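Residue numbers (the numbering used here), protein chains in the order written: chain A, 0 to 345; chain B, 0 to 345.
In structure tokens:
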């Protein structure tokens with residue numbers, strides 16, 4: 000399954016995917032990538048059905064190229080009984096930002112209602128992480144002609160996705176920024192690097208493998224293709240584009256990162272995710288027992304993260320980034336895509 | 000610093016290093032690699048000066064090509080006061096193997112006495128990990144014309160090694176098998192993958208970078224060179240060669256491994272190292288507070304590991320291996336090297 004196969008299957012010119020990044024990627028970013036010949040992604044995991052419809056409509060105004068919409072394929076665990084310790088952890092941060100007192104978090108939009116609107120919207124490509132949707136949902140997308148991309152962090156997960164009938168698999172290496180997609184293992188046992196994961200997945204499943212994690216430039220793209228990947232997905236590389244919606248302090252943190260700046264944390268969202276160390280991460284890591292499960296922790300910390308973003312304060316927002324963040328270049332999304340294409344030698 | 004530069008600097012035909020693997024690599028393995036045009040390595044870290052002299056003499060009988068001798072560049076911490084809990088952890092394993100009762104461990108040979116004999120032996124290449132030798136020692140090797148290779152797990156460590164005057168740097172990715180070389184960070188903060196580490200090191204230091212971690216075949220070699228590495232170092236790939244001194248049960252564990260079979264543990268040696276999960280590892284991980292510091296823990300567990308190897312019991316020996324172990328091929332070392340050269344396209 001080589002890159003030509005990938006490009007023709009997904010109807011894109013270059014096998015480069017701009018990763019969906021909730022809170023960072025925008026329809027403007029995705030459309031710029033799509034119009035330049037890559038595959039742009041919309042991150043819809045935290046969005047209500049109405050917001051998703053708006054996002055997709057905006058995308059369709061900006062491009063007539065195929066695009067991808069990403070969701071978190073999970074059922075929420077029951078609401079936590081006692082959130083007092085979690086609220087106590089947050090209180091000083093809320094106070095410091097002048098946003099009152101933290102409140103018991105709500106659940107937010109469910110995967111089921113999100114997929115319902117996506118099915119109505121007839122999107123060209125649907126991708127997911129954190130699990131595997133039900134056969135009913137996958138079948139409904141297929142019946143619409145929607146192509147499907149799942150996310151694996153191990154060979155075992157890749158085989159599960161292949162059996163479920165996806166069209167391609169993102170191999171998420173341990174170096175990747177943001178949430179771990181792991182769904183079949185304790186996450187610590189599924190920290191397999193891109194260099195180790197991609198060739199083992201390529202050998203074990205017969206679908207196109209999309210390498211992600213640590214890829215920032217043409218060198219990384221060529222390396223991933225040498226390992227047998229049919230395509231690449233880059234997130235951190237696009238974080239610092241002007242089309243990215245993250246605050247300036249976050250972009251600065253990415254550009255100033257070193258290879259040892261990031262770690263995996265549950266502090267912000269309740270699910271393991273890689274970000275640049277900052278004050279809130281270290282505070283949360285020091286009190287792992289009070290961190291709620293996803294999505295409760297994520298919704299609990301959202302007012303803090305939003306206020307910190309507004310205040311351009313990098314110590315209280317999630318600075319998701321991969322281990323090669325220092326190689327990011329603050330180019331326009333279309334220019335970055337063209338640069339990657341040139342560097343890759345296409 | 001490309002691979003031609005590396006090859007001419009170290010006087011080898013192909014920029015492929017067989018990694019030093021204490022307890023696994025042998026002069027026979029290293030000589031087979033050297034005679035086939037690669038760089039063979041002797042692992043001397045656990046050896047007495049007399050054993051080192053013997054090993055080097057054997058190597059010189061088997062090849063006239065350059066070779067590398069590797070040590071652990073550390074000073075031992077003081078002997079532990081109370082080892083009773085550590086002995087109690089070991090006792091049932093000793094009993095099960097019928098080797099009596101565990102005893103307070105000794106320190107073993109020191110880096111200082113090991114370097115003294117290496118200096119007398121006039122070796123062509125000296126490599127080290129776990130730290131940086133003193134300027135006096137490095138200067139003494141240089142005065143002999145010995146080329147020097149250090150090990151970095153982060154860019155910061157690479158800069159320290161460059162300032163110390165080494166000739167090349169092994170970039171040890173997080174996926175690599177066996178001991179982490181980390182010396183400038185808590186090891187958890189230095190788990191940078193090969194894909195992320197190599198290009199950032201290449202950009203930050205002006206020495207040849209030797210990629211290691213996750214590289215098992217020609218695809219991995221080409222990927223590493225695309226990332227800017229001048230050479231590659233493979234350990235796990237050589238573990239299953241007939242010249243490897245590990246027991247059959249260990250080779251079988253490597254060949255049967257999956258991408259999620261390994262984890263980092265201090266249980267066997269007191270220093271973080273990646274190996275295939277087994278009973279002793281999990282037992283030690285469940286009692287981290289009783290694990291002694293290196294080298295005390297390593298010497299405490301040695302009788303168990305030796306007896307387990309003799310009994311071909313994979314549950315009580317350290318099954319060091321990298322995350323791509325499943326790609327290992329049980330070829331003779333020379334055949335493996337020739338296969339790698341062919342696959343790499345040289």
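The beta carbon of each residue, even a glycine, is placed where N, CA and C say it ideally should be.
Keep in mind the model is a prediction, meaning the values are calculated, not measured.
I want to see whether chain A comes within less than 8 Å of residue i, judged by CB atoms only; does it?
i	result
residue 286/B	no
residue 338/B	no
residue 184/B	yes
residue 153/B	yes
Specify the secondary structure class of residue i as computed by DSSP and reduced to three states.
i	result
residue 4/B	helix
residue 88/A	helix
residue 38/A	strand
residue 325/B	helix
residue 183/A	coil
residue 245/B	coil
residue 230/B	strand
residue 166/A	coil
residue 68/B	strand
residue 139/A	helix
residue 151/A	strand
residue 345/B	coil
residue 58/B	helix
residue 77/B	coil
residue 190/A	coil
residue 102/A	coil
residue 93/A	helix
residue 257/A	coil
residue 291/B	coil
residue 133/B	coil
residue 160/B	helix
residue 283/B	helix
residue 112/B	helix
residue 9/B	helix
residue 334/B	helix
residue 238/B	helix
I want to verify the contact list: residues of chain A whose CB lies under 9 Å from the CB of residue i, in sequence order.
i	result
residue 239/B	Going along chain A, no residue has its Cβ under 9 Å from residue 239/B, so there is no contact; the nearest lies around 16 Å.
Using a cut-off of 8 Å between C-beta atoms, extract the partners of residue i located in chain A.
i	result
residue 198/B	215, 216, 218, 219, 323, 326
residue 188/B	259, 262
List, in chain order, every chain B residue whose beta-carbon is nearer than 7 Å to that of residue i.
i	result
residue 231/A	The contacting residues do not exist; residue 231/A stays about 11 Å from chain B at best.
Give me the DSSP bridge partner(s) of residue i.
i	result
residue 274/A	262/A, 319/A
residue 146/B	124/B
residue 178/A	272/A
residue 171/A	211/A
residue 17/B	233/B
Please tell me whether residue i has its Cβ less than 8 Å away from any Cβ of chain B.
i	result
residue 226/A	yes
residue 222/A	yes
Mind pulling the chain B residues with CB within less than 8 Å of residue i?
i	result
residue 192/A	172, 173, 174, 192, 193, 194, 212, 213, 322
Kindly examine the ligand FAD and report whether one of its heavy atoms sits closer than 7 Å to the Cβ of residue i.
i	result
residue 212/A	For the ligand FAD, the structure offers nothing, since it holds no ligand at all.
Proximal residues, the region 158-174 of chain A versus chain B, C-beta separation under 9 Å = Here the close residues are 172, 173, 174.
inquiry  = Which residues of the region 11-31 of chain B have a Cβ closer than 8 Å to any Cβ of chain A? Give them in chain order.
reply    = Nothing from the region 11-31 of chain B brings a Cβ to less than 8 Å from some Cβ of chain A.
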